[in-house]
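Visitor: Residue numbers (the working numbering), protein chains in the order written: chain A, 132 to 242; chain B, 216 to 371. From the three backbone atoms N, C-alpha and C, an ideal C-beta is built for every residue, glycine too. Could you have a look at this structure, given as structure tokens, before my questions?
Right under this line is the structure:
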């Protein structure tokens, strides 16, 4: 898994590439938590390069959503690929996470 | 290897997080070898990760980590994966149903692993024996293989 963090106006975009699994999910959660703790509570996860997630990745996403919303922000997903979206749907995450076709739309959704 | 042919492979490593990628790569490679479609390969990668993570984090908790042996077999359109371990027995049927409907604030973090395993395969069987250990058998129908087999039957 590779991560890159890019400010985009009043939003921070975290690009996630590769596989989020039991070995890598902690790094994702740490990176996202650092952003929330730094006051960057409007987050977009760019999932265009995300090939795979297991329940470990879902834990990281839900943990971040809870933290961000407590501080008045949110974590929103962009460009989720079909196999990953299927896992989100199976797990009931599509009803609690907002997701958009691309980073531009996800970023604009924060207004 | 042509779809529909018999194929059996196996791997064994100690139950540790650092070995997790080895189990996942084994399934990735085996799926490629038998020509599994992408959905099947993703589902089986997910299933094996969730099972191994449970064994690493909970099954062998409080004891020296023992082995996890994973075997992969394709017969016709059926892929069968067996996971053999000597960890504390846990029947997946006893795993509680996760909360899939609460809003984000009330949703518990975690508890999805066994649910995703069950969603990823067509059949699941668990046997535990004090002497021989535990064997979890996961079976999935390989849609692409099934199509190819059907096509071959039509051609003949």
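Using a Cβ-Cβ cut-off of 6 Å (strictly less than) and excluding sequence neighbours within five positions of residue 288 of chain B, which residues of its own chain qualify?
Guide: Correct list, in chain order: 223, 295.
Visitor: At the level of alpha carbons, what is the spacing between residue 157 of chain A and residue 228 of chain A?
Guide: The straight-line gap from Cα to Cα measures roughly 20 Å.
Visitor: Under 8 Å, do residue 183 of chain A and residue 330 of chain B count as touching if we go by C-beta distance?
Guide: Not in contact: residue 183 of chain A and residue 330 of chain B (Cβ atoms no closer than 8 Å).
Visitor: At least one CB of chain B closer than 8 Å to the CB of residue 196 of chain A: is that the case?
Guide: It does; some Cβ of chain B falls within 8 Å.
Visitor: Using a Cβ-Cβ cut-off of 7 Å (strictly less than) and excluding sequence neighbours within five positions of residue 167 of chain A, which residues of its own chain qualify?
Guide: Cβ neighbours of residue 167 of chain A beyond the five flanking positions: 195, 198, 199, 202.
Visitor: Hey, quick one: how far does the alpha helix (DSSP H) through residue 324 of chain B stretch, first residue to last?
Guide: No alpha helix (DSSP H) holds residue 324 of chain B; DSSP gives it neither H nor E.
Visitor: Please compile the residues from chain A whose C-beta is within a distance smaller than 8 Å of the C-beta of residue 338 of chain B.
Guide: Per Cβ cutoff of 8 Å: no residues; residue 338 of chain B is ~18 Å from chain A at best.
Visitor: Would you say residue 349 of chain B and residue 304 of chain B are within 8 Å of each other, going by their C-beta atoms?
Guide: Yes, the pair counts as a contact, with Cβ atoms nearer than the cut-off.
Visitor: By Cβ distance below 7 Å, which residues in the same chain neighbour residue 323 of chain B in space, the five residues on each side in sequence not counted?
Guide: 314, listed in sequence order.
Visitor: Where DSSP assigns a beta bridge to residue 177 of chain A, which residues make up the other side?
Guide: Note: residue 177 of chain A sits in a beta bridge opposite A:146, A:209.
Visitor: Leaving aside the five residues before and after residue 236 of chain A along the sequence, list all residues of the same chain whose C-beta is less than 8 Å from its C-beta, in chain order.
Guide: 209.
Visitor: Please report the distance separating the alpha-carbon of residue 204 of chain A from that of residue 212 of chain A.
Guide: Looking at the two C-alpha atoms, the distance is approximately 24 Å.
Visitor: DSSP puts residue 319 of chain B in a beta bridge; with which residues?
Guide: DSSP, once it has assigned bridges, lists no residue as partnering residue 319 of chain B.
Visitor: Once DSSP output is grouped into helix, strand and coil, what is the label at residue 289 of chain B?
Guide: DSSP places residue 289 of chain B in strand when its eight states are reduced to three.
Visitor: If you reduce the DSSP assignment to three classes, tell me which class residue 161 of chain A lands in.
Guide: Of the three classes helix, strand and coil, the one that applies to residue 161 of chain A here is helix, per DSSP.
Visitor: Straight-line CA distance for residue 255 of chain B to residue 154 of chain A?
Guide: Spanning the two alpha carbons is a distance of roughly 22 Å.
Visitor: How would you label residue 275 of chain B, buried or exposed, when you count the other beta carbons within 10 angstroms and need 16 or more for buried?
Guide: Its Cβ being crowded by 16 or more others within 10 Å, residue 275 of chain B is buried.
Visitor: Contact defined as beta carbons within less than 8 Å: I believe residue 136 of chain A pairs with residue 142 of chain A. What is the distance between those atoms, to the nearest angstrom?
Guide: With 8 Å as the limit, residue 136 of chain A and residue 142 of chain A do not qualify as a contact, their Cβ atoms being about 11 Å apart.
Visitor: Whose CA, out of B:232, B:293, B:252, B:297, lies closest to the CA of residue 262 of chain B?
Guide: Comparing Cα-Cα distances from residue 262 of chain B to each of B:232, B:293, B:252, B:297, the minimum goes to B:297.
Visitor: Who are the near neighbours of residue 238 of chain B in its chain, counting only those whose CB is closer than 8 Å to its CB and skipping five residues on each side?
Guide: Around residue 238 of chain B: 226, 228, 263, 264, 267, 283, 285.
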